[in-house]
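Heads up, the thing below is written out as structure tokens.
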Amino acid sequence: MPFLNMTLLRWLIDLADGYDAVVPQTGDEFEPLHAVYRRECYSPMVQRIERGERRVISFFADVRLRPVPEPEWRVLDPAGRSLVNLNTPDDLDLLSSPAGNG
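Last residue of the sequence shown? That's 104 in the working numbering, and every number before it is there in order.
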């Protein structure tokens, strides 16, 4: 995630009062890598892993979750750049192209 947005991150932290996890959504999909997690998430994470559940979001049902719908977080990041992931060399190439630098 090369374009972290500190304003957005601080806002997510501010939303965490009373929640164990604050996670942005894009459409119906969660963005679990750009999220805020309290220590209370650790045990539910471990329990899910021990049961063979590998999806990052598998423990969400076990904690106090604050989903952040896209219209809310887009106010602070209209282009959605803070949620861009670089997972492969092709992702980097795409990002380095003139069309990917917007």
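Ideal placement from N, C-alpha and C gives every residue a C-beta, glycine not left out.
A quick note: this is a predicted structure, and the numbers were derived from the prediction, not measured.
- Query: Is the distance from the Cβ of Cys43 to the Cβ of Asp22 below 9 angstroms?
  - Reply: Sequence index remark: in the sequence shown, residue 43 carries index 41 (1-based). Sequence index remark: in the sequence shown, residue 22 carries index 20 (1-based). For the 9 angstroms CB-CB criterion, Cys43 and Asp22 form a contact.
- Near Asp79, what residues of its chain come up, given a Cβ to Cβ distance below 6 angstroms and the 5 sequence neighbours on each side ignored? Position 77 of the sequence shown, counting from 1, holds the residue named residue 79. Cβ neighbours of Asp79 beyond the five flanking positions: Asn7, Leu10.
- On the three-state DSSP scale, how would you describe Thr9? On the sequence shown, residue 9 is found 7 positions in, with the first residue counted as 1. Annotated three-state conformation of Thr9 is helix, per DSSP.
- Query: Going along the chain, which residues of its own chain have a beta-carbon closer than 7 angstroms to the beta-carbon of Met47, five neighbours each way excluded?
  - Reply: As a first step, residue 47 must be located in the sequence shown, where it is residue number 45. Result list for Met47: Phe61, in chain order.
- Query: Pairing CB atoms from the stretch 69–77 with CB atoms from the stretch 86–95, are three or more of them under 8 angstroms?
  - Reply: Below 8 angstroms, too few C-beta pairs join the stretch 69–77 and the stretch 86–95 to call them touching: fewer than three.
- Message: Run through the DSSP bridge pairs and tell me what Val24 is partnered with.
- Response: Numbered from 1 along the sequence shown, position 22 holds the residue referred to as residue 24. In the DSSP output, where bridge partners are listed per residue, Val24 has Val38, Arg68.
- Message: Along the chain, where does the alpha helix (DSSP H) containing Leu88 start, and where does it finish?
- Response: Here residue 88 corresponds to residue number 86 of the sequence shown, with the count starting at 1. Per DSSP, Leu88 lies in no alpha helix (DSSP H) segment and is marked neither H nor E.
- Is it the case that the Cβ atoms of Val65 and Leu35 are separated by a distance below 9 angstroms? For the purposes of this step, residue 65 is identified with residue 63 of the sequence shown, where counting begins at 1. For the purposes of this step, residue 35 is identified with residue 33 of the sequence shown, where counting begins at 1. It is not a contact, given that the beta carbons lie outside the stated cut-off.
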